[in-house]
Structure formats: structure tokens, C-alpha cells
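Protein chains: 2
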Amino acid sequence: MTHIPEPQQFKEFKEHSVAEFFKKNRQMLGYSGKIKSLTTIIHEYCTNAIDAAEEEGTLPELYVEIKEMGPEHYKVIVEDNGPGIPENYVGKAFGQMLAGTKFHRFVQQRGQQGIGAAGAVMFGQVTTGKPTKVITSHGNGRIFEANLSIDVKKNKAELKNKKKYSGEMKGTRLETELKNIIYQKGMYSPDEYIRRTALANPHIKITYVDPEGATTVIDRAINEIPKRPKEAKPHPSGMTVDDLLGYASISQSQKIKSFLQNDFTRISRSKTNKIQKKVSFDLNKRPSSMTWEEAEELIKAFEEANFMAPPTDVLIPIGEKRLEKAVKEQLEPEFHTVIERNPEIYRGGVPFIVEVALAYGGKSGSENGDDNKEIMRFANRVPLLFNKGSCAVTKGVKSIEWKRYGVDEKTPLTILVNFTSIHVPYIGAGKEAIANEDEVIKEMRLALMDAARKLGRYVKGKKKEYKRLQKKKTFEIYLPEVAKALSMITGKDEKKTAQLLEDIVNERFSDLNINGGKDD
Amino acid sequence: MTHIPEPQQFKEFKEHSVAEFFKKNRQMLGYSGKIKSLTTIIHEYCTNAIDAAEEEGTLPELYVEIKEMGPEHYKVIVEDNGPGIPENYVGKAFGQMLAGTKFHRFVQQRGQQGIGAAGAVMFGQVTTGKPTKVITSHGNGRIFEANLSIDVKKNKAELKNKKKYSGEMKGTRLETELKNIIYQKGMYSPDEYIRRTALANPHIKITYVDPEGATTVIDRAINEIPKRPKEAKPHPSGMTVDDLLGYASISQSQKIKSFLQNDFTRISRSKTNKIQKKVSFDLNKRPSSMTWEEAEELIKAFEEANFMAPPTDVLIPIGEKRLEKAVKEQLEPEFHTVIERNPEIYRGGVPFIVEVALAYGGKSGSENGDDNKEIMRFANRVPLLFNKGSCAVTKGVKSIEWKRYGVDEKTPLTILVNFTSIHVPYIGAGKEAIANEDEVIKEMRLALMDAARKLGRYVKGKKKEYKRLQKKKTFEIYLPEVAKALSMITGKDEKKTAQLLEDIVNERFSDLNINGGKDD
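Just so you know, the protein sequences line up as chains A and B, in that order.
Position 466 of the first sequence, counted from 1, bears residue number 458 in the working numbering, the numbering being contiguous throughout.
Position 17 of the second sequence, counted from 1, bears residue number 9 in the working numbering, the numbering being contiguous throughout.
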């Protein structure tokens, strides 16, 4: 062999940590723009905080404070009432990316990446040079406190000034200073983020202190914690060959047969027997010995089988009643409708549910821009404020011919969509928008059409009613003259004739509801 | 100390590789939707291929083939004429994420993350179970070939079936099989991607074989390779404290003074002296001993200093002449204008240039949707087809009051924007859209307004001309009758009178260009 000379450029070949990557590309985590960056950090800490409490089975109570420290300089404090973090996990939980309890579990949660909180700590660190203060306790009278920073090159946490002391506390408190950010009220503000969090999570109590020092306490509208989603097993529909082989390689089962029945949902013994007849190999072999071609056969057999929909206990949407209550209280609409679809599956066997609420009139709609339609997007009850244009929700909304349902640019309409899933396919690590997966778009569309039909009946009915109201008013205007003419012809009393005519008109239009419609 | 019990959930604490993360979240790399996924892989391989050739100083020549292998099953082949990859770097270059020559260098390139190619290899692997074939040679008669796959859990490449043999080749060829994808013509297709690549890179020869077997050869319009961008030094404007300390910690200089002059662009000796007067500490101290507070003082002094704009040799835009030529040839517009702005700086001292071309009439504009405006987005000459709604380009375009310039929904207009930078702030790892950084949006807006003003003069002139043309036509219609009447009154010959009148009208409107306007 002759020696092959190395091209010059490979002398600069290096390896990088995921933290370095996201430090340089912090915009991918949502840290671009001074207003957005502040809301992003509130978002990351709040989702973590709520998850912590709910996972323990505690009704979440959040304390959120934004303190102004100087020009474009703030301190964010978020405290939860969850179980607290064991001392030896504090660093990894908040100071190391891609480490945690969220990423690999097949369970519905707000957080799912193991990046968000560490990203927020890093943003604080690179804008102020200061660590994040973590204070945590299991509620056993002992409090642990430390200053946390990230060694970005290594993607490792560093804890300094560790302290342990006695005190009353249960939960975790994070304090992060940030620079190069601006607090501004409006649709992209922390205020709006918190308002929408409350809307989709009526079981959470939030105390919010804004930079002007104003304290808002949003009390619970509901005193019970939502059912905990069960840890799911993947569903055979939408499963890919690679996923199937991945599950097979770590399965405890001795045979593919039992692997199918144990490690997946909705594969019964009889289904397994049917599948056996469709594949060319023996399902009694070891799962780990399955080849790509055999797995392909299985996937094909899955596609032809008719599995039951995924169980509903692994997905906990907001729920029709709660959503209805929240919409009524917050938007006081003239008309509203709520649709909850059945669970569906997208690629990889991941189950999801789409919920839609439409609210018309009252405080519904938006006055920003040319279109009065307001779209409120949620994923696992987490408000999505940014990157609207790229979101599957927006694509779904745009795919509807709203005019068909009597809705135009001037209609005061709020469209609320909550996407619930074990794994939300966010388009980026900043978790701002749901990717346009084909199956997701389809469900969005079906749910929205369903709701729009109901709205359409109301709006069109209302338009018809409005026309009839106009007609009635016209009658009423001409009624005195007609009465006069009639009384001249018939010789009857003019007043009585007028009364008679009025009675006829009123009877004819007796069904008219002059104040507009009622709830469906 | 009492023992603090561990909350249950921390038993499931794990660490994950960046490859695992992007396997689960492949939509973040652009792999969502069957049509988009195919274009994404073409995009990743083509940008790598062009970078390789250009970096070596070779006029790029690309071979791109998409072969249909079965239903939703294709093979993608991309071959370049670059320097080839040394055997011991093949795995890291294409089979390991966050490794490479791109991420850390301060030089304008198409690729910049060290994720894209490995992501494409991984997508092939998880949809087909097959490795990517890599064939590469430095052009020395020796060829290296191997099958590459990724150990996702470890984020490490695996090379199998390695072969070395003699043969004529220079460059690198990748062959990846993919499933669950669809080839479809249209605005999101590989065809469109390649068409736009050629538009923004008239110095590249591309041979493209589509799945139907049709071969398109796009020859070079320009036979010289664009100037190579020089490796840049960061510019003091927009520098953050964290960046400054980062550079200081790895500086070779003994004093902050020399550090400033050597490691940055546009900081002269006299500027350093001025800076010394504004800060409270001695610039003769070691760079690595600088504190956060001292760095803050420096940044403040930077903000008050008036540095020269970044040098233009580190950024190579398409260039006015080339862009003009490309627009003329591809769109055959009735009117066009090209604007190239001066370099500007966004956060972290990263320089960028915005170029805008507007093309009106001819093949300009789009007939998709309600608006005939077509927006063509490029970053470092790479076409951006997806995620339009989130892109700084779109935000810039939307911020312009087009009506002011005589442009409405029906105007056949193509807006081409190329963003050139040492680091493009993509909103996601899929490199689909440019983040809404404040400074970037501002420049987009200024460039677009500049171009729109020129267009406006043309369009409005054209409208005025159109009105005069209508007036002339009216004269011409009534001319015979007027001539008749005149000849009756004056007794002169009708024909002569008509001729006289015609001459008057023609003279009056002699400046009218009936076929529309000309280029600016």
C-alpha cells in the first residue's frame, strides 16, 4: 500500500459536545430575540416544575418570579412543590444535556428531551457569567443548596458552594440571572405563557410576580390532579422495522411470540397466531436473532392486521369537561364547542390524541393582524407561543375552508388545539412547534372539521336569524302606516289594527332570539 | 447527616448520545414527511459535496442520482470531485455526529454543524437496515471503499467490508438506500432543490438522474471558482462577554492588548489605546486572568468605539453580476434589480451580508396559493425550501408595505434573498430557516426596501404608461370621426386631416414603449 496523503483540511478535525453545539446554536433552543429568550426560560422551568409535582402525584403549585436587576438584566425564579432532587442528581438533572428521566421513557410528559433546563442554565451562564442557584428538599426538614454551572466543552455539571441545612421546604427552586433580554407585555410574554398554562391546566396554582412587582395568584379551578398517564407500550401500528429490531434487541422474552405479546400493546395471543400464518419464519425463535427481512415481514403482517386502538389510559388529554370549563371562564364566548378525538398512532407506533375547542364571540378572537382568528396551540398542555407558521396545528387550521362554515377574517374566533402524546414530534429542540407528520395533520384536520361543522350551524343560523331580525324591524317601521291604511279601508280602529298587526309579526318571529344564540 | 431517600423516578435516570436524540427526533433534522425526507438527504449530501470541492479550490462537479428500488424505496447517489476523505476520517466524517472540520472554524461554508451527513446515513440505516456505501479517492489511483453504519447508542461509526483497489477517481461517492419516502415533482422536490442550487451557484456543473431515468446536465454558466472566503477573526461589535472570555482563555497572546489586536478584526493599536482609557484595569495583564466584570467593561468600551465594518474577504456572496446573470437567464424577467448590502454583524461578532434580487414579469412569480409573490431563500448559496413561515427572510418580506411600491397579490414577482455568513443562525438542526435575530431582520428589511423602491419606480411608471396608452387608443378610435367633422368644417381633404391628426397623436405619445419597460 502506498501512503495516501491527507488533505489539508482534515488537520482541523475535531469532536464537540452537545452543549457546545447548543451554545453556538442557542437559537435552536429558543434563545433568539430578547423577548422570546425570557419566555423560553420561563417555559423550560415551568414544564419541569409541573412534571415533577405531577409525577409524584402532588397537585402542582408554582411560584414564578421575574426580577429586574438592571437594563436588559433579570433574575428568574421558579419553585415547585415536587419531590425535590437527590443531591447526587442535581448536576445531571439541570446541568447536563441529554441526561435525565425523560428521554427514554414511553410515558406522556411535558418535558421529553433532557435538554431544556440545562439549556436555560447555560443561557444564564453565557449572558451573565453567573451560575444558577438550586435549592431543593424532599420535605424531610433537610435542604440542599448549590451553585450550578455547565462545563460546556465536556457537557458536565459543576456544583459549587454546596450547603446542607435544616428548614421547611418541599420541592425545587431555581434562580437564574439573565442578560440581553427584555420583558415586554404582549402575546409573546411570560404573562401570556402563564395565562395559557393556567387555561390548559386548571388544576395548577400559580403565583406570578412580574418585573413591575405585581403579584398575580391564579388559583385552581379544579382541585383534583388529572389521572396519571400510564407508562405505555408501543402500539404495532405505525411501527418501523428499526424500532421493532431495537425493542427485540433489549427484550427479556425468550421467543418472538412472547416478545410480541409482552412488549407491545394490543397484540393478543390470537393476533400472534394470525401473524404466525403470514410470516415465513417461526415465531418461537429468539427476538434478538430476528433479521431485518424477518422484521419487515412482521411489520407487513402488522399492517394487514386490525389492531384495537391504543388504550386510552396512557394518554391524558385535558378532557372535554375541563376544557369546556376553562374556555367558558376565560373567553366567555357566545358559542363554543369542544371535540376530543380517539387516540391515533403516528410513525414508530406512538399514540396521540387531538383535542379542539372553538370559541366564538365574547372575548374570543384576536385583534392582531388582518385575521381575527386566534390560534392557541398546546402540546401535552404546554402552551406553544412561537414558530406558529411551522406548526402542524397551523397547517391543520389553514387546511380548513372556513368560509364554508360561515367564518371569515372578521369572525371573532379562538381555535384551541391540544396535542397529547407520549412523544411530541417537535420540529426543534426549542419545542416551539409540532412537526408536519402526515398522520398528525390528518387528525388535526378531522378534529377541526368536526368542530367547524358545529360552529357553522350556529354561525349560519345566526346569519339567517339576523336577516329575519332585519325583516321584522322593517315590518315594524312600516306597521303604523299599514295600520293606518288598513283602518281607512276596513273602517276599524287604527290602534286595534296596529295591535293586531303587531301580534301577527311577533308571532311570526316568536322564535327569534334577539340577543344572539345560546350554547350548543 | 441523615440519609435522604431517593424519589422513585430517579432510578430511571440515564444519559443519551446525540445520535440517539436525533434518531428519536429525526423530524428535527428534516426527516418528517415522505417527500421532504428525500429532498433533505439530497440537500445534506450536495452541500457536503460542494464544500469539499470548493475548499480544495476545485470547480465543483456533482453527480446526483435517485434510483427507484421499490414502493417508497429509493437509492440516493451523490458523487463529488473534491479531495476525497482519508481512510481514517471516513467514519467520523459521515458516521459520527458533532465531529468534523466545520463546527469550530470561523469560515463561511455551506455545512457548519457536523450533523447533516451522519443524519442522512442514519435515516438510511433506520429505514432500510442497510449501511451507506462510501467510495473515495484522492485521485492518486487508489480507491477506498467501505460500508458505513452508525452505532446510535455510542454515536460512533462502524466501517465494514473495507476494500482498497486501484482505479481512476477523485472525490467521494455516497450511496444510501432509503425507505418510507416518496419522489414527487413540485416545489419541495429534489428537482427544485437542484434547480435552485444551480441558480445560486452558476459555477457548478450538476448531472442529475431522476427516478424516471431522465438525465439533466446543468452546465456551468461561469467557469471560474468564486473567491475563497478567508478564515475570519471575530469582529468586536456584537461580541458577548462569554465569547470574549472564551477567546481569551485559548489565546496565545501574553497581554490583553495583543490579544485584542491579534485575535480580532478591526481592533487597531490606536483603538486599543482608546479602549485602555475607558476601562479600569491594565490591558497589559494576561488574557486568561480577565474577570467577567473586566470583560464586561471591555464589551462596553467596544460598544462605544466606532469599528470599521468587517472585511469583505471573509464573506463571499453570490455577487451582483452573477446574481443578475442567473436571474436573467432563469426567469427572463421584464424588470429586475439586485441589491448587495455591506457586511453587518449579529450577536457574537458574526459578520453577514444580505443580497436581494427582485424579478418582475417573464417567468417570475408563483401561481401557488393566493399570492403570486415567490420567495426564494438561500443561505450561503444553499436553497432553503422548507419552513418558510419561520424564516427571517419571510419575516423581512412580510414587513415591507409592498402596496407602496405598486405590488399587490397579483404582481408576478420573484424575491430572491441570499444570506451569507460565517455562521448561519438556523432555527433547527435541519437547516431549513434562518432565525429571527434582530440584526438580521433589520438588514433583510433594508435590502428589500432598497430593491422595492427601484421596482416601485418601474411598476408605477408602467402603470402611468398604461394609462397613457389607453388614452392614445381612445384618440385613435375617435380619430376618423373627428377627421371627418374637421374636414367638413374646414373643407380640407379628410384623409389628409386624418393623417395630420394621427401625426399629432403619435408625436404626443412618442415616448410610449408599447411593449412594456426595459431593464433598469
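A virtual CB, placed ideally from N, CA and C, is assigned to each residue, including glycine.
Is there a Cβ of chain A sitting closer than 8 angstroms to that of residue i, yes or no?
| i | result |
| --- | --- |
| residue 8 (chain B) | yes |
| residue 291 (chain B) | no |
| residue 199 (chain B) | no |
| residue 90 (chain B) | yes |
| residue 503 (chain B) | no |
| residue 284 (chain B) | yes |
| residue 45 (chain B) | no |
| residue 363 (chain B) | no |
With a cut-off of 8 angstroms, does the C-beta of residue i fall near any C-beta of chain B?
| i | result |
| --- | --- |
| residue -7 (chain A) | Confidence at residue -7 (chain A) is low in this model, with a pLDDT of 36, below 50, so the placement of that residue is unreliable and no value is reported for it. |
| residue 294 (chain A) | no |
| residue 195 (chain A) | no |
| residue 127 (chain A) | no |
| residue 139 (chain A) | no |
| residue 19 (chain A) | yes |
| residue 135 (chain A) | no |
| residue 227 (chain A) | no |
| residue 39 (chain A) | no |
| residue 153 (chain A) | no |
| residue -4 (chain A) | Low confidence applies here, because residue -4 (chain A) scores a pLDDT of 44, under 50, leaving its location unreliable; read the following figure in that light. At least one chain B Cβ lies under 8 angstroms of residue -4 (chain A). |
For residue i and residue j, I'd like the C-alpha separation in whole angstroms.
| i | j | result |
| --- | --- | --- |
| residue 3 (chain B) | residue 30 (chain A) | 32 angstroms |
| residue 249 (chain B) | residue 391 (chain A) | 60 angstroms |
| residue 81 (chain B) | residue 5 (chain A) | 9 angstroms |
| residue 334 (chain B) | residue 345 (chain B) | 6 angstroms |
| residue 577 (chain A) | residue 343 (chain A) | As displayed, chain A neither begins before -7 nor continues past 512, which places residue 577 (chain A) out of reach and without an answer. |
| residue 307 (chain A) | residue 210 (chain A) | 26 angstroms |
| residue 358 (chain A) | residue 404 (chain A) | 7 angstroms |
| residue 58 (chain B) | residue 68 (chain B) | 5 angstroms |
| residue 252 (chain B) | residue 296 (chain B) | 16 angstroms |
| residue 149 (chain A) | residue 223 (chain A) | 29 angstroms |
| residue -5 (chain B) | residue 125 (chain A) | In this prediction, residue -5 (chain B) scores a pLDDT of 44, lower than 50, which makes its location untrustworthy; no coordinate-derived value is stated. |
| residue 486 (chain B) | residue 498 (chain B) | 18 angstroms |
| residue 144 (chain B) | residue 240 (chain A) | 16 angstroms |
| residue 503 (chain B) | residue 450 (chain A) | 60 angstroms |
| residue 420 (chain A) | residue 421 (chain B) | 7 angstroms |
| residue 273 (chain B) | residue 115 (chain A) | 27 angstroms |
| residue 293 (chain A) | residue 270 (chain A) | 6 angstroms |
| residue 415 (chain B) | residue 372 (chain B) | 9 angstroms |
| residue 457 (chain A) | residue 304 (chain A) | 41 angstroms |
| residue 395 (chain A) | residue 465 (chain A) | 28 angstroms |
So residue i and residue j are supposed to be a Cβ contact under 8 angstroms. How far apart are they, rounded?
| i | j | result |
| --- | --- | --- |
| residue 520 (chain A) | residue 70 (chain A) | Here chain A covers residues -7 to 512 and nothing more, so residue 520 (chain A) does not appear. |
| residue 382 (chain A) | residue 425 (chain A) | 5 angstroms |
| residue 440 (chain A) | residue 349 (chain A) | So it is not a contact: roughly 11 angstroms between Cβ atoms. |
| residue 366 (chain A) | residue 406 (chain A) | 5 angstroms |
| residue 175 (chain A) | residue 203 (chain A) | 5 angstroms |
| residue 109 (chain B) | residue 55 (chain B) | Going by Cβ atoms, the distance from residue 109 (chain B) to residue 55 (chain B) rounds to 17 angstroms, so no, they are not a contact pair. |
Note the first and the last residue of the continuous alpha helix (DSSP H) segment covering residue i.
| i | result |
| --- | --- |
| residue 480 (chain A) | 430 to 482 |
| residue 301 (chain A) | From DSSP, residue 301 (chain A) is part of no alpha helix (DSSP H); its letter is neither H nor E. |
| residue 373 (chain A) | Element bounds for residue 373 (chain A): n/a, residue is neither H nor E. |
| residue 337 (chain B) | That residue, residue 337 (chain B), is in no alpha helix (DSSP H); its beta strand (DSSP E) goes 336 to 338. |
| residue 188 (chain B) | 182 to 192 |
| residue 498 (chain A) | 486 to 500 |
| residue 321 (chain B) | 312 to 323 |
In terms of residue numbering, what span does the beta strand (DSSP E) encompassing residue i cover?
| i | result |
| --- | --- |
| residue 143 (chain A) | 134 to 143 |
| residue 273 (chain B) | Element bounds for residue 273 (chain B): n/a, residue is neither H nor E. |
| residue 128 (chain A) | 124 to 130 |
| residue 346 (chain B) | 342 to 352 |
| residue 45 (chain A) | Taken as a continuous stretch (DSSP letters only), residue 45 (chain A) belongs to no beta strand (DSSP E), being part of the alpha helix (DSSP H) at 26 to 48. |
| residue 208 (chain A) | 207 to 210 |
Where the segment 368 to 387 of chain A meets chain B: residues whose CB sits under 8 angstroms from a CB there
From the segment 368 to 387 of chain A, only 379, 380, 381, 382 and 386 have a Cβ closer than 8 angstroms to chain B.
Mind listing which residues of the segment 336 to 353 of chain B have their C-beta closer than 9 angstroms to chain A's C-betas, in chain order?
Flagged, chain order: 339 and 340.
Please identify, using Cβ separations under 9 angstroms, the residues of the segment 399 to 413 of chain A that lie next to chain B, in order along the chain.
Taking 9 angstroms as the Cβ-Cβ cut-off against chain B, none of the residues of the segment 399 to 413 of chain A qualify.
Between the segment 53 to 85 of chain B and chain A, which residues of the former have a C-beta closer than 9 angstroms to a C-beta of the latter?
Those residues of the segment 53 to 85 of chain B placed with their C-beta closer than 9 angstroms to a C-beta in chain A are 74, 75, 76, 77, 78, 79, 80, 81, 84 and 85, ordered along the chain.
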